[in-house]
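As you go down the protein sequences, you meet chains C and Z in turn. Under our numbering, read the first sequence as residues 4 to 391, first letter to last. Under our numbering, read the second sequence as residues 4 to 391, first letter to last. For glycine and all other residues, C-beta sits at the position ideal for the given N, C-alpha and C. Below: the structure, in structure tokens.
2 protein chains.
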Amino acid sequence: MFPGIDTGTFAGPPAATAVFTTVLTEGPVSRVALARRLGLSSAAVTKAARPLIDLGYLHELAATERSGPGAGRPASPLAVRAEREFFLGVKITADEVIGVVCDLRAQVHASARRSFDDPDVDAVLAEVGRLADDLFDTFPGDRTRVHRLGLALSGDIDRGIGLVRYSPFLHWRDVPLGRLAAQHTGLTVTVENDVKALTAAEHWFGEGVGAESFALVTVGTGIGCGLVVNGRLVSGSYGVAGEIGHLTVDATGPDCHCGGRGCVESIAGTDAIVAQARDRTGRPDLTIDEAVALARGGHEQVRAVFTRAGGAIGCAIAAVANLVGPTRIVVSGEGLAAYDLFDSHIRTSFERQAFGAAARCPLSIRPLPFEEWARGAAAVSIQSLVVP
Amino acid sequence: MFPGIDTGTFAGPPAATAVFTTVLTEGPVSRVALARRLGLSSAAVTKAARPLIDLGYLHELAATERSGPGAGRPASPLAVRAEREFFLGVKITADEVIGVVCDLRAQVHASARRSFDDPDVDAVLAEVGRLADDLFDTFPGDRTRVHRLGLALSGDIDRGIGLVRYSPFLHWRDVPLGRLAAQHTGLTVTVENDVKALTAAEHWFGEGVGAESFALVTVGTGIGCGLVVNGRLVSGSYGVAGEIGHLTVDATGPDCHCGGRGCVESIAGTDAIVAQARDRTGRPDLTIDEAVALARGGHEQVRAVFTRAGGAIGCAIAAVANLVGPTRIVVSGEGLAAYDLFDSHIRTSFERQAFGAAARCPLSIRPLPFEEWARGAAAVSIQSLVVP
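This is the structure in structure tokens:
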């Protein structure tokens, strides 16, 4: 099924990693600009780039600029050959696997999804295999250039060893998913928390490129956050970071499933919204879609549930801005399907609680197509090629 | 008054900065260990160290170890000559200047303080000059080796250009304090926010050494936080970071002076505690000391004020742990004089709100002698020598 060849990584010396990362994330860059940016000599840049060119990952564009008046040699920018290698990215939910094939620049060339009933690890891995077959059926590129698979799922993941410590939706505990998937597919596998994977995609290939710090907030069943600070993803000394859903915003608020009180998720998570809407309407079987419809139809008490949820999310986003001061904050997630119901409340609350100049941090609010999660998984796989 | 000679900085090439920083913050290190740690060749370490040795900042200890079986040459650790240079550090409050003389390793060799009435910039700078004279009167070292002065004060500071954008206690706005102090003293001056300066001292010379991330929380009139994440101080893209005092912890709580609602500072800042205690006792002139005495004496309603304050601080510290996952959190500040009244409430609230493994983050609670703030100012000055 898979070509099954591990290319290993070419990124031995730090200079090669730095050169390739810069060219990959920021587009064509001249050697002169690389040397200046990375604090390397021109000779060191040339030495670092040579094996990357030989292996076909980088190529030289035609000279387009001179490095300055009096500088004799024209500067030939280095660029990435995006189709030198392709990557599978798969997001695993409670009942679905969603996959993409991406090139080195994380552009999507094919996508597919499959449902499953059985959350057993082997059954899910078999489904991932079938998903890969589906992807290759429509992938127009060279499938022998696929050597890596990125997996992403919600929960407590040890990316370093590919271990799923705990997945609440799949009821997995201490599953060595990276090793099992590698055995199953013959590919080099990465496993990452889905929010962190999305953040990686934004950091290298999206709105986070070039930002020393930024935050991605996802709103839905869970409320999560990926953080880049001082140029790197924040992973947390004890494996916990970005748990924005468990900030207290209402000391007298409801108990949360985490054991805390008044957490953002206990007010603004999808389950919390449904529970409050059921309570306000006296309809114990109300769904989230019905709650949204009622609120849109003008049901005041259900509207108030979304107002409160938006306020809680805005406070939490302001907490991120006040503590770490990101350059920008992207807000996304399946919960944003009902964004019209709380967007103004998120912004009002953010603006009230952001301290001084922190309120200048722009919020980008946008929908999250299903491939985005899978693309995040692929982005982590790309990173693992470049920075082992 | 001052020797008035600027040594400039020796730290040109990044390798020299890296070598000196590592030896300075982590104590004697062999060239072999330095090369391994910094990803440099042995030759590069030797080349980087030579000018530092020539200038007297580093010296070679006697060989104490061999670099491994079969490795012929003994490893001579490099160490810092702490007394090669001394630094003045001064913290400016609303009515006092507090100063120290530190060596290169931020060890305090003299300390002094002076009160003042007039918060005019020139008057305060004159007081800083008199404080320096006092310090030199008791400083046993070589005062010709003092070339740098670090200033620290609360408020919105642009460290890069030495500008006090806003100091609420001194009522200063847009004061170019660095430039004025340099003219006044002939020294090379740094200016930094006091909480960030304390954090710098902890990061380089205290509990933060070697930690990829840690947090310092100060409790008092204001409630602040300095954060180190991914090895560097977090400064905030818009100049705002660590504003833990303005996290919302009670959506229905009191209005805060910042314009927000239910902020930590509006519940647990010294002024908020006094206001609540006055309200509960009906004594409009109650002081913080009297409130502490009443609570210690068992006054239930005043005790409840401290209980609520401790709960709010604990929630805020948990927010830091949940978002950025520091290796450890140091809690300090003048508010901790009454620590016995809310310590258990801080811990209970932290443990309840810290998400999963984030609760493993140790809290170090300790008093803050007045020199510590001034030492923080000196630490920033030391950093400016090493990393311009």
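Can you check whether the CB of residue j is closer than 8 Å to the CB of residue i?
i      : j      : result
I316/Z : C364/Z : no
F90/C  : V149/C : yes
G379/Z : F345/Z : no
E86/Z  : D106/Z : yes
V192/C : L154/C : yes
V327/Z : G239/C : yes
L41/Z  : V389/Z : no
I291/C : I270/C : no
L236/C : C228/C : no
T224/Z : V198/Z : no
F172/Z : T273/Z : no
If we ignore side chains and look at the alpha-carbon of each, how far apart do residue i and residue j end up?
i      : j      : result
T25/C  : T202/C : 18 Å
V305/Z : A321/Z : 25 Å
F208/C : A200/C : 12 Å
D125/Z : Q186/Z : 11 Å
A254/C : S352/Z : 10 Å
S70/C  : Y169/C : Residue placement at S70/C cannot be trusted, given a pLDDT of 49 that sits under 50; what the coordinates show is reported in the next sentence. Those two C-alpha atoms are separated by around 53 Å.
I385/Z : G262/C : 44 Å
V267/C : A204/Z : 34 Å
A21/C  : G30/C  : 13 Å
P6/Z   : G300/Z : The predicted model places P6/Z with a pLDDT of 30, which falls under 50 and marks its position as unreliable, so this point remains unresolved.
D145/Z : L138/Z : 12 Å
D140/C : T188/C : 17 Å
A382/C : N196/Z : 38 Å
L128/C : D120/C : 13 Å
L250/C : S44/C  : 46 Å
V295/Z : Q279/Z : 12 Å
L61/C  : V83/C  : 5 Å
W175/Z : I160/Z : 11 Å
F217/C : H206/C : 8 Å
R39/C  : P391/Z : 18 Å
A109/Z : F23/Z  : 15 Å
V103/Z : V308/Z : 36 Å
L339/C : G158/Z : 37 Å
Within the same chain, show all residues whose beta-carbon is closer than 6 Å to that of residue i, passing over the 5 residues directly before and after it, in chain order.
i      : result
T310/C : H348
V100/Z : V93, R117, E130, V131 and L134
A324/Z : A357, A361 and C364
A319/C : I247, L250 and V267
R162/C : E195
Give me, in chain order, the residues of the same chain whose beta-carbon lies closer than 7 Å to that of residue i; leave out the 5 immediate sequence neighbours on both sides.
i      : result
R281/C : P287 and L289
E215/Z : N233, G234 and T330
D9/C   : In this predicted model, D9/C has a pLDDT of only 33, less than 50, meaning its place in the structure is not dependable; the value taken from the coordinates is given anyway. Cβ within range, chain order: H150 and T191.
R182/C : G165
V48/C  : V22, R34, L37 and A38
Under 8 Å Cβ to Cβ from residue i, same chain only, skipping five residues before and after it: list those, please.
i      : result
S367/C : E210, R331, I332, V333 and V334
P257/C : R264, G265, S269, I270 and A275
D343/C : R299
E374/Z : I101, V103, V111 and S114
Should residue i go down as buried or exposed, given a rule of 16 or more other Cβ atoms within 10 Å for buried?
i      : result
A298/Z : buried
I164/C : exposed
L81/Z  : buried
S387/C : buried
G59/C  : exposed
S114/Z : buried
L64/Z  : exposed
H1/Z   : What the structure shows of chain Z is the stretch from 4 to 391, and residue 1/Z is not part of that stretch, so it cannot be assessed.
G285/Z : exposed
A19/C  : buried
E246/Z : buried
R369/Z : exposed
R34/C  : buried
E419/C : Since the first residue of chain C shown is 4 and the last is 391, residue 419/C is not available in this structure.
A184/Z : buried
Hey, is residue i close to the ligand GTP, as in C-beta under 7 Å from one of its heavy atoms?
i     : result
G92/Z : The ligand content of the structure shown is nil, which means the ligand GTP is not present either.
query = What residues from the stretch 215-246 of chain C come within 8 Å of chain Z, judged by C-beta to C-beta, listed N to C?
reply = Residues E215, S216, C228, L230, V232, N233, G234, R235, V237, S238, G239, S240, Y241, G242, V243, A244, G245 and E246.
message = Can you pull out the residues from the stretch 92-126 of chain C whose beta carbon lies closer than 9 Å to at least one beta carbon of chain D?
response = Chain labels in this structure do not include chain D; the protein chains are C and Z.
query = Relative to chain Z, which residues along the stretch 323-334 of chain C have a C-beta separation below 9 Å, given in chain order?
reply = Correct list: V323, A324, N325, L326, V327, G328, P329, T330 and R331.
task = Quick one: which residues of the stretch 268-299 of chain Z get their C-beta closer than 9 Å to a C-beta of chain C? List them in chain order.
result = Within the stretch 268-299 of chain Z, the residues whose Cβ lies closer than 9 Å to some Cβ of chain C are I270, listed in chain order.
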